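Single-structure report; data block below.
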Amino acid sequence: MAMPTLLLLLLLLPLAGAVAAALLGVRRPEAVRWVSLAAAAATLAVSVVVAGAYVNVPAHTHATTFQPEFVPGSPVVDPETQKEDVHATTWDLLTLRHGASVQFYIGVDGLNIWLIVLTALLVAASVLVSWTSVKERDNEFFAWLLALEVAMIGVFLAFDILLFYVFFELTLIPLFFLIGVWGGPERRYAARKFFIYTLAGSLITLLGVLGAVLAVANDPYVEPARPGFVPPHNAINELTFSIPRLVELVHGHTADLPQDVKAKAHAAGIADEFDLKRDQDQLKRAQDRLAFWRWVEFWVFAAMMIGFAVKVPLFPVHTWLPLAHVEAPTAGSVLLAGVLLKLGVYGFLRLSIPLAPDASLAFGTPLLGWLGVVGVLYGSFCALAQDDLKKIIAYSSVAHLGYCILGLFALNEIGISGCLLQMVNHGLSTGGMFLLVGMLYERYHTRKMADYGGIAARLKWMAVFWVFITMASIGLPGLNGFISETLTMMGMYAFQRPEVPGWLLSGLATGGILLGAWYMLILLRRVFFGALKEPAHEGHGPITDLNAREWLTLAPIAALCLFLGVWAQPFLDSVGPDLRIVSHIADTAKKRADDGWNAPLVASGSAEPAVAASGENLP
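Numbering (this note's numbering), first residue to last: 27 to 645.
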């Protein structure tokens, strides 16, 4: 089967499973779980096949924008060269004026492929862990669970910016019902708070999405070619919703502006019809264009940042998260921590930095770098103060996602690679811990640490998994959390610019590792070691250790925690080319900042052109 077809199956299989689960509940309720498991397992198998095919694709070493692979639909044909672009598609969903269209444009690259596999794995685990714990309206539960998988995978697959946003918003609806219907005593309040927070942030993000599209299509400073002057590559107005094309156009509008200034000055000098006054006007226009794009990028970045920061969530817009985790059913907590929180970080990585690189450097790193450190320390101290197992893990997520933000906004290859690896590692370890909390709760029906003690004497294998996955979470060398957290802090340490003390941010973040070990070891000691102290469990059946279904749920996650801890290089190699694209975009922003983004382009009171934005004398 062709790879583009398999990519479609990543969406169609869980969608078909959701529909089948909803319909079977009426006539054959006993088949709902098996149909849901079959859909989730098939999606996982397809994701692994696609990932295996992707790692064998030759890297695009000279690409300046994203080059998605296995794109469904007919490739785009260049009308001049007649060459086919297999990284684009002609599948239009909605055609607008001037030939622009919203497309069903999906594909895989290094930024999304392992997040797709992670999503499929955690959904399959969520189906298994919910096998006996969901007893009411189970057909609806599994239907919403698979619908959530469609939306989450859709976010990662989308390379059309409006398609990305539609899937991004669709994730709210299934999780709202999963929390609100099958959650704890305060489930309705938790569901409303989750929905309102994330919807409000997402609507502001929509303004940033539309702003980026419209700014690229309506740059007032774009000029046609003329004798002696050719505009920089891709410095044209074009209405498009393709994320790779938007990145390419933004790069064309901004990356070579200092060279653009030189070209205009040179054109003025060699053309007889231009005098010195005209020369100065051209230089002033280039300066105004610099200011225009700085203004555009600031507002695009700010709007996107609000929605993505709520989704991560970053301090101080994190308050919806602990309640949502506590009240959500086990599957909801697993997917919320394991996948949905990553959508915010992924949005920064896929959209914010590539479409607003200068704003990411000038405003993102100083602001979000500090917020990331605050999140690491604040989340760790809050976790120390909790007695509810779910709340401890929820606040630990705030801390762990802080490392992702630190690595991402280091804006260098080592930091961004650490961020992406930390996203996967956090999904495995924290998803595994929520699975274990659910299994423990199903036996004793309490999540309070004070109710437990010495449980390892009764549940030996569960204790083994608890210790193993907890060690992965706190970053024990040899397990997956160690390498990713180290890379993120190394990346921030390497960020040496006067406006952001990278060494200080990375130094403060190491405190989160110590605090993480502290609260996680306290959890293990109180719950599993010491004198045996069991919560009352009359009427709930005998207490038994892990069964075969639970082993099947936990073993793959534990194995991946070990594999990525001892051999993360294949992961880093597979994501490297696309990470270098983002890193290159950030490097060009750093160069513009070093050359003087706001440097005067025309010397005051001078009849001659003075100094270009690059700081060199014009010809």
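For every residue, glycine included, the Cβ atom is placed at its ideal position computed from N, Cα and C.
Just so it is clear, the structure is predicted and the values come from calculations on it, not from any experiment.
So, with DSSP's three-state summary, where would you put G479? The sequence position of residue 479 within the sequence shown is 453, counting from 1. Correct three-state label for G479: strand.
Which two residues bound the contiguous beta strand (DSSP E) that contains A268? To locate residue 268, count along the sequence shown from 1; it is residue 242. Reading off the sequence shown, one finds Ser at residue 268, where the question assumed Ala. Where S268 is concerned, there is no enclosing beta strand (DSSP E), given that its DSSP letter is neither H nor E.
For A337, which three-state DSSP category applies? Within the sequence shown, numbered from 1, the residue matching residue 337 stands at position 311. The amino acid occupying residue 337 in the given sequence is Lys; Ala does not appear at that position. Helix, per DSSP.
Would you decide whether T116 is buried or exposed? Buried here means 16 or more other CB atoms lie within 10 Å of its CB. Here the question's residue 116 lines up with position 90 in the sequence shown. Exposed.
Report yes if the CB atom of V338 is closer than 8 Å to the CB atom of L427, and no otherwise. Here the question's residue 338 lines up with position 312 in the sequence shown. Here the question's residue 427 lines up with position 401 in the sequence shown. It is a contact, given that the beta carbons lie within the stated cut-off.
With DSSP as the reference, label S100 as helix, strand or coil. On the sequence shown, position 74 is the one that residue 100 refers to. Three-state DSSP puts S100 in coil, outside helix and strand.
CA-to-CA distance, V83 to P503, given in whole angstroms: For this step, residue 503 is matched to residue 477 along the sequence shown. For this step, residue 83 is matched to residue 57 along the sequence shown. The alpha-carbon atoms of P503 and V83 are separated by roughly 31 Å.
Nearest-angstrom Cα separation, counted from G479 out to R551: Your numbering for residue 551 matches position 525 in the sequence shown. Your numbering for residue 479 matches position 453 in the sequence shown. Spanning the two alpha carbons is a distance of roughly 8 Å.
Just checking my contact of F221 with V360 at CB under 8 Å: how many whole Å lie between their CB atoms? Taking the sequence shown and counting its residues from 1, one reaches residue 221 at position 195. Taking the sequence shown and counting its residues from 1, one reaches residue 360 at position 334. Actually they do not touch by this definition, with Cβ atoms about 19 Å apart.
Which first and last residues belong to the alpha helix (DSSP H) in which S127 is found? Within the sequence shown, residue 127 is the residue found at index 101, counting from 1. Residue range 127-129 is occupied by the beta strand (DSSP E) that includes S127, with no alpha helix (DSSP H) assigned at that position.
Let me know the secondary structure DSSP gives I500 once reduced to three states. Here residue 500 refers to the residue found at position 474 when the sequence shown is read from its first residue. Here I500 sits in helix by DSSP.
Nonlocal neighbours in the same chain, by C-beta distance under 6 Å from I139, ignoring five residues either side: Residue mapping note: residue 139 aligns to position 113 of the sequence shown, counting from 1. A77, Y80, listed in sequence order.
Measure the C-alpha to C-alpha separation of L32 and A151 and round it to an integer number of angstroms. Numbered from its first residue, the sequence shown carries residue 32 at position 6. Numbered from its first residue, the sequence shown carries residue 151 at position 125. Spanning the two alpha carbons is a distance of roughly 21 Å.
CA-CA distance, D384 and L437? Counting from 1 along the sequence shown, the entry for residue 384 is found at position 358. Counting from 1 along the sequence shown, the entry for residue 437 is found at position 411. Taking the straight line joining both Cα atoms gives about 11 Å.
Boundaries (first-last residue) of the beta strand (DSSP E) holding D118: Working through the sequence shown from its first residue, we reach residue 118 at position 92. D118 -> beta strand (DSSP E) spans 118-121.
Opening and closing residue of the alpha helix (DSSP H) in which Q448 lies: Within the sequence shown, residue 448 is the residue found at index 422, counting from 1. Its alpha helix (DSSP H) spans residues 439-470.
Quick check: G133 and P101, are their CB atoms within less than 8 Å of each other? Translated into positions along the sequence shown, residue 133 becomes position 107. Translated into positions along the sequence shown, residue 101 becomes position 75. No, the pair does not count as a contact, with Cβ atoms beyond the cut-off.
Can you name the residues that DSSP bridges to V526? Mapped onto the sequence shown, residue 526 falls at position 500. BP columns for V526 point to R523.
How big is the Cα-Cα spacing for G136 and V143? In the sequence shown, the residue the question calls residue 136 occupies position 110. In the sequence shown, the residue the question calls residue 143 occupies position 117. Cα-Cα distance, rounded: 12 Å.
Would the beta-carbon of V58 fall within 8 Å of that of D164? Residue 58 sits at position 32 when you count from the first residue of the sequence shown. Residue 164 sits at position 138 when you count from the first residue of the sequence shown. Yes, the pair counts as a contact, with Cβ atoms nearer than the cut-off.
C-alpha gap between V155 and F555, whole angstroms: Stepping through the sequence shown from its first residue, residue 155 is reached at position 129. Stepping through the sequence shown from its first residue, residue 555 is reached at position 529. CA-CA distance, V155 to F555, rounds to 25 Å.
Hey, A126 and L233: beta-carbon distance below 8 Å or not? Taking the sequence shown and counting its residues from 1, the one referred to as residue 126 is at position 100. Taking the sequence shown and counting its residues from 1, the one referred to as residue 233 is at position 207. Cβ distance not < 8 Å, so A126 and L233 don't count as in contact.
Would you say D413 and W487 are within 8 Å of each other, going by their C-beta atoms? Mapped onto the sequence shown, residue 413 falls at position 387. Mapped onto the sequence shown, residue 487 falls at position 461. Result no, Cβ atoms of D413 and W487 do not sit closer than 8 Å.
Determine the DSSP secondary structure at E175, reduced to helix, strand or coil. The sequence position of residue 175 within the sequence shown is 149, counting from 1. E175: helix per DSSP, three-state reduction.
I'd like the list of long-range same chain contacts for A476, defined as Cβ closer than 7 Å, with 5 residues on each side in sequence excluded. Here residue 476 refers to the residue found at position 450 when the sequence shown is read from its first residue. Around A476: D413.
Residues in its own chain within less than 7 Å of D298 by CB, not counting five upstream and five downstream? Translated into the one-based positions of the sequence shown, residue 298 becomes position 272. In this predicted model, D298 has a pLDDT of only 44, less than 50, meaning its place in the structure is not dependable; the value taken from the coordinates is given anyway. Counting only Cβ-Cβ distances below 7 Å, and skipping sequence neighbours, we find nothing.
Measure how close the beta-carbons of L362 and L201 come, nearest whole angstrom, since I'm counting them as under 8 Å. Within the sequence shown, numbered from 1, the residue matching residue 362 stands at position 336. Within the sequence shown, numbered from 1, the residue matching residue 201 stands at position 175. Correct: roughly 7 Å between the Cβ atoms.
Taking the beta carbon of E56 as the centre, do at least 16 other beta carbons fall within 10 Å, making it buried, or is it exposed? Mapped onto the sequence shown, residue 56 falls at position 30. Under this definition E56 is an exposed residue.
Helix, strand or coil for K161, going by three-state DSSP, please let me know. The residue labelled residue 161 in the question sits at position 135 within the sequence shown. Coil.
Helix, strand or coil for R376? Go by DSSP, reduced to three states. Taking the first residue of the sequence shown as 1, we reach residue 376 at position 350. Residue state, collapsed to three classes: helix.
When you compare the CB positions of L2 and V207, do they come within less than 8 Å of one another, or not? Only positions 27 to 645 of the chain appear in the structure, and residue 2 is not among them; the question remains open.
In the DSSP assignment, what residue or residues form a beta bridge with E56? Here the question's residue 56 lines up with position 30 in the sequence shown. In the DSSP output, where bridge partners are listed per residue, E56 has none listed.
List the residues that DSSP assigns as beta-bridge partners of E95. Within the sequence shown, numbered from 1, the residue matching residue 95 stands at position 69. DSSP lists V134 as partners of E95.
Own chain partners of A482 with C-beta closer than 7 Å, once the 5 adjacent residues on each side are dropped: Here residue 482 is taken as the residue at index 456 of the sequence shown, counted from 1. Result list for A482: A489, F554, F555, in chain order.
Under the rule that 16 or more other beta-carbon atoms within 10 Å means buried, what is A28, buried or exposed? Position 2 of the sequence shown, counting from 1, holds the residue named residue 28. A28 is exposed by the Cβ-count criterion.
For H351, report the span of its alpha helix (DSSP H) as first-last. Here residue 351 corresponds to residue number 325 of the sequence shown, with the count starting at 1. Counting along the chain, the alpha helix (DSSP H) containing H351 begins and ends at 346-353.
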